[in-house]
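Written below as structure tokens is the structure these notes are about.
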Amino acid sequence: MTAVRFWNRRRREAGLGYLMLVPSLLVFSVFVFYPFLRNFYLGFFRTPPFPGLPQRYVGFDQYREILTSSAFSNSMRVTIVFALLTVPTGIILGLVLAMLANQQLRGIGWYRTIFSSTVATSVAVASVIFGTLLNPQVGLLPWLGISTTPSILENPKYALLAVAVTTIWQNLGLSFIVMSSGLQAIPDEIIEASEVDGAGPVPRFLRVTLPLLSPTVFFAVVVGSIVAFQSFGQIDLLTQGGPLQKTNVLTYAIYTALRGEQNEGKAAVLSVALFLVTLVLTIAQMRILERRVHYGD
Amino acid sequence: MARVVLDHVTKRFGDVTAVDDLCLEVEDREFLVLLGPSGCGKSTALRMIAGLESLTDGRIAIGDRVVNDVEPKDRDIAMVFQSYALYPHMSVARNIEFPLRSRKVPEDERTPLVQEAARALGLTDLLDRKPAQLSGGQRQRVALARAIVRRPAAFLMDEPLSNLDAKLRVQTRAELIELQRRLDATVIYVTHDQVEAMTMGHRIAIMNDGVLQQVGPPQDVYERPANLFVARFIGAPPMNTIQGSVVVEGGETLLATPGGRIAVPDAFGAAARRSSTGEIVVGVRPEHLEVDPSGPIEARVAVIESLGHERHVVCRIGDEPLVIVRQAADEPRPAEGSSVRLRAEVEGIHLFDAVTGVRLEAPA
Numbered sequence: 005m006t007a008v009r010f011w012n013r014r015r016r017e018a019g020l021g022y023l024m025l026v027p028s029l030l031v032f033s034v035f036v037f038y039p040f041l042r043n044f045y046l047g048f049f050r051t052p053p054f055p056g057l058p059q060r061y062v063g064f065d066q067y068r069e070i071l072t073s074s075a076f077s078n079s080m081r082v083t084i085v086f087a088l089l090t091v092p093t094g095i096i097l098g099l100v101l102a103m104l105a106n107q108q109l110r111g112i113g114w115y116r117t118i119f120s121s122t123v124a125t126s127v128a129v130a131s132v133i134f135g136t137l138l139n140p141q142v143g144l145l146p147w148l149g150i151s152t153t154p155s156i157l158e159n160p161k162y163a164l165l166a167v168a169v170t171t172i173w174q175n176l177g178l179s180f181i182v183m184s185s186g187l188q189a190i191p192d193e194i195i196e197a198s199e200v201d202g203a204g205p206v207p208r209f210l211r212v213t214l215p216l217l218s219p220t221v222f223f224a225v226v227v228g229s230i231v232a233f234q235s236f237g238q239i240d241l242l243t244q245g246g247p248l249q250k251t252n253v254l255t256y257a258i259y260t261a262l263r264g265e266q267n268e269g270k271a272a273v274l275s276v277a278l279f280l281v282t283l284v285l286t287i288a289q290m291r292i293l294e295r296r297v298h299y300g301d
Numbered sequence: 058m059a060r061v062v063l064d065h066v067t068k069r070f071g072d073v074t075a076v077d078d079l080c081l082e083v084e085d086r087e088f089l090v091l092l093g094p095s096g097c098g099k100s101t102a103l104r105m106i107a108g109l110e111s112l113t114d115g116r117i118a119i120g121d122r123v124v125n126d127v128e129p130k131d132r133d134i135a136m137v138f139q140s141y142a143l144y145p146h147m148s149v150a151r152n153i154e155f156p157l158r159s160r161k162v163p164e165d166e167r168t169p170l171v172q173e174a175a176r177a178l179g180l181t182d183l184l185d186r187k188p189a190q191l192s193g194g195q196r197q198r199v200a201l202a203r204a205i206v207r208r209p210a211a212f213l214m215d216e217p218l219s220n221l222d223a224k225l226r227v228q229t230r231a232e233l234i235e236l237q238r239r240l241d242a243t244v245i246y247v248t249h250d251q252v253e254a255m256t257m258g259h260r261i262a263i264m265n266d267g268v269l270q271q272v273g274p275p276q277d278v279y280e281r282p283a284n285l286f287v288a289r290f291i292g293a294p295p296m297n298t299i300q301g302s303v304v305v306e307g308g309e310t311l312l313a314t315p316g317g318r319i320a321v322p323d324a325f326g327a328a329a330r331r332s333s334t335g336e337i338v339v340g341v342r343p344e345h346l347e348v349d350p351s352g353p354i355e356a357r358v359a360v361i362e363s364l365g366h367e368r369h370v371v372c373r374i375g376d377e378p379l380v381i382v383r384q385a386a387d388e389p390r391p392a393e394g395s396s397v398r399l400r401a402e403v404e405g406i407h408l409f410d411a412v413t414g415v416r417l418e419a420p421a
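First to last, the sequence lines map onto chains L and B. Numbering follows the numbering used here, with no gaps: position 262 of the first sequence is 266. Numbering follows the numbering used here, with no gaps: position 304 of the second sequence is 361.
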């Protein structure tokens with residue numbers, strides 16, 4: 005009798021729960037799930053060379069063709085190098101600044117403000133600043149007496165590095181804030197205990213601070229990688245994917261496919277590829293890195 | 058083990074003086090309790106000994122070495138924190154091992170030391186657990202084990218029992234005393250709990266507003282408080298204090314209180330004359346007062362608190378603050394609101410300077 009009543013109540017509560025999920029499911033369906041499936045479907049159609057002609061169904065042919073092309077593997081390589089250049093450096097620099105600012109000193113508030121200030125700049129602002137700094141005619145380099153031909157942003161060797169530096173600078177404020185909050189969440193007494201227990205600064209950092217900071221670092225790695233894989237503004241403003249495709253990251257390739265080549269099918273395939281790559285990367289990070297993360301008690 | 062000496066130690070934070078000219082010598086193998094209300098500077102004093110705070114002025118020596126400029130890790134001390142400060146990402150064994158690892162003790166020597174410390178505190182079955190999987194009492198033991206795994210010159214303990222529930226606190230208190238005796242360790246123990254101070258310390262050092270008030274064995278401090286602050290801080294319930302004066306009438310020395318006059322020995326007159334302004338405060342502990350129909354002091358019973366084995370008769374004498382009389386449970390119980398007469402044991406009467414608060418005694 006009571007068991008029956010219990011299950012009835014369980015069922016009623018579950019029903020209510022699903023009912024409350026309906027609005028968000030509806031919104032997600034319209035703006036996320038449907039467009040995503042539609043995009044995947046779009047990849048099955050070859051976009052005609054001239055507008056007005058009918059689209060031709062080619063199934064997985066277009067996927068196979070694009071994903072095995074050298075242009076795609078170049079974009080993949082550039083994207084991965086870009087992420088490797090920006091994410092670890094950004095996190096390490098943010099952590100170094102956060103450690104420096106995590107002290108009780110007079111005027112430390114000014115440093116904190118300065119260190120976090122880039123969070124208030126947009127990608128566009130950062131790009132303009134670095135575009136100007138690296139400009140061979142009016143920038144910092146000629147002022148320093150360094151002449152660059154071709155200019156750094158047009159030099160296949162350095163263009164990606166320059167875009168990466170711009171990105172690191174622009175993200176540094178956020179990285180500093182995230183790392184600072186992580187550091188401040190570590191109880192002072194634990195650090196003090198390790199001091200009394202005889203640990204010098206380096207072992208203290210490696211054995212106590214860093215493990216306790218691991219959830220923050222993990223978060224920064226996962227989110228930072230996703231952001232890096234989706235970077236677009238600085239590429240568009242500084243290099244437009246050039247020189248010689250050396251900065252043509254996936255997002256920029258999607259953009260050129262859609263806007264330049266007017267090739268919806270190709271853009272759809274590349275979008276699906278970007279989604280899958282990001283998904284796999286995030287799952288892999290969760291599987292591999294999260295084992296080393298300590299989430300406190 | 059070693060002596061710890063604080064020599065005219067002062068700590069200022071901006072305009073606030075947390076510790077003011079503190080002089081204290083902790084003997085080798087002594088259990089010294091630093092006692093005082095929150096904000097009295099006792100924790101700051103302990104943290105200066107640990108090296109977690111710098112000194113504004115003065116000198117601290119551990120053993121034969123002045124440690125003012127020595128890093129905490131090189132001071133050869135162990136500290137137990139109020140929050141235990143266990144390393145949450147390490148197992149119990151790793152936590153206990155940490156001070157040894159940090160000091161580069163070889164691994165084959167570490168393991169038996171960890172085992173021994175764990176055995177001493179009953180943690181042998183918990184070595185693989187993480188701190189989050191332990192109860193408050195168990196965490197406290199891990200913190201203690203981490204402190205005793207090495208034989209440091211001194212143990213510093215900052216309110217280590219205050220996060221435990223009342224029952225566990227009493228039990229752990231006894232275990233801590235036993236541990237200190239067994240290790241023959243120098244312990245400096247900070248607490249705001251006067252019961253802990255009375256029961257645990259060889260000596261108590263009482264602080265208020267950054268200033269050391271009195272140092273001495275618990276019984277001495279209880280029986281001869283150096284000033285009004287100590288008198289009112291030590292003892293539960295604390296010492297009763299009321300305004301009074303000493304008068305001599307017809308060759309007899311009388312102690313005048315708002316509730317009546319008490320005949321006292323002549324020495325009281327000599328003591329009272331040492332008061333800076335002539336005004337005095339009379340102090341009597343609750344156990345030195347009794348309800349007696351022929352007693353000299355008139356009072357009105359406000360409330361009676363029964364504790365089972367004894368009761369506290371809370372009385373009002375004139376307009377003075379409340380006065381507590383300790384009664385055994387088998388004594389006749391006065392009615393609340395009734396008038397009673399009280400008698401004080403003359404040996405239990407203390408005199409203090411009403412302005413400076415200093416204890417007044419007749420010159421020997």
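Note that the Cβ used here is the ideal one computed from N, Cα and C, for glycine as well.
Taking residue i as the query, report the chain L residues whose CB atoms sit under 8 Å from its CB, ordered along the chain.
| i | result |
| --- | --- |
| K130/B | E199, V200, D201, G202, A203, G204 |
| F138/B | E193, E196, A197 |
Report the three-state DSSP secondary structure of residue i (helix, strand or coil).
| i | result |
| --- | --- |
| Q300/B | strand |
| Y162/L | coil |
| A59/B | coil |
| F64/L | coil |
| H345/B | helix |
| I112/L | helix |
| N265/B | strand |
| Y246/B | strand |
| M147/B | coil |
| E84/B | coil |
Should residue i be flagged as near chain L, meaning a C-beta pair shorter than 8 Å?
| i | result |
| --- | --- |
| H366/B | no |
| I134/B | yes |
| A177/B | no |
| H249/B | no |
| H65/B | no |
| L109/B | yes |
| A328/B | no |
What residues from chain B crowd round residue i, counting only those whose CB sits closer than 7 Å?
| i | result |
| --- | --- |
| E294/L | Those do not exist, as E294/L stays about 14 Å from chain B at its closest Cβ, beyond 7 Å. |
| P212/L | Note on identity: in this sequence residue 212/L is Val, with Pro being the wrong assignment. Y144, listed in chain order. |
Can you say whether residue i is buried or exposed, counting buried as having 16 or more other CB atoms within 10 angstroms of its CB?
| i | result |
| --- | --- |
| G56/L | exposed |
| I95/L | buried |
| S159/B | buried |
| F119/L | buried |
| Q188/L | exposed |
| L114/B | It is worth fixing the name first, because residue 114/B is Asp in this sequence and not Leu. By the neighbour-count rule (16 or more Cβ atoms within 10 Å), D114/B is not buried but exposed. |
| Q190/B | exposed |
| R416/B | buried |
| L283/L | exposed |
| R198/B | buried |
| F286/B | buried |
| D65/L | exposed |
Would a check of beta-carbon distances place residue i closer than 8 Å to chain B?
| i | result |
| --- | --- |
| P215/L | yes |
| I112/L | no |
| V62/L | no |
| V221/L | no |
| V225/L | no |
| P247/L | no |
| P191/L | yes |
| P92/L | no |
Give the interface partners of residue i over in chain L, defined as CB-CB distance under 7 Å, in chain order.
| i | result |
| --- | --- |
| P156/B | D201, G202 |
| H259/B | Those within 7 Å of H259/B in chain L number zero; the least Cβ separation is about 23 Å. |
Residues of chain B with CB under 9 Å from residue i, in chain order?
| i | result |
| --- | --- |
| P207/L | R158, S159 |
Practice problem: Would you check if there are 3 or more beta carbon pairs closer than 8 Å linking the stretch 335-350 of chain B to the stretch 292-312 of chain B? | Solution: yes
Practice problem: Decide if the stretch 87-94 of chain B is in contact with the stretch 249-259 of chain B; the criterion is three or more beta carbon pairs, one per stretch, under 8 Å apart. | Solution: yes
Self-check item: Segment contact, 8 Å Cβ cut-off, at least three pairs: the stretch 383-398 of chain B with the stretch 406-418 of chain B
Solution: At 8 Å Cβ cutoff, the stretches do not touch.
Practice problem: Could you tell me whether the stretch 174-193 of chain L touches the stretch 215-226 of chain L, where touching means 3 or more Cβ pairs closer than 8 Å? | Solution: yes
Practice problem: Would you check if the stretch 78-88 of chain L and the stretch 241-256 of chain L touch, i.e. whether three or more CB-CB distances between them fall below 8 Å? | Solution: yes
Quiz item: Given 8 Å as the limit, is there contact between the stretch 127-136 of chain B and the stretch 70-78 of chain B, that is, 3 or more CB pairs closer than that?
Solution: no
Practice problem: Taking 8 Å as the threshold, find out whether the stretch 165-182 of chain B comes into contact with the stretch 237-250 of chain L through three or more Cβ pairs. | Solution: no
Quiz prompt | Inter-stretch contact (C-beta, 8 Å, three-pair minimum) for the stretch 337-357 of chain B and the stretch 284-294 of chain B | solution = yes
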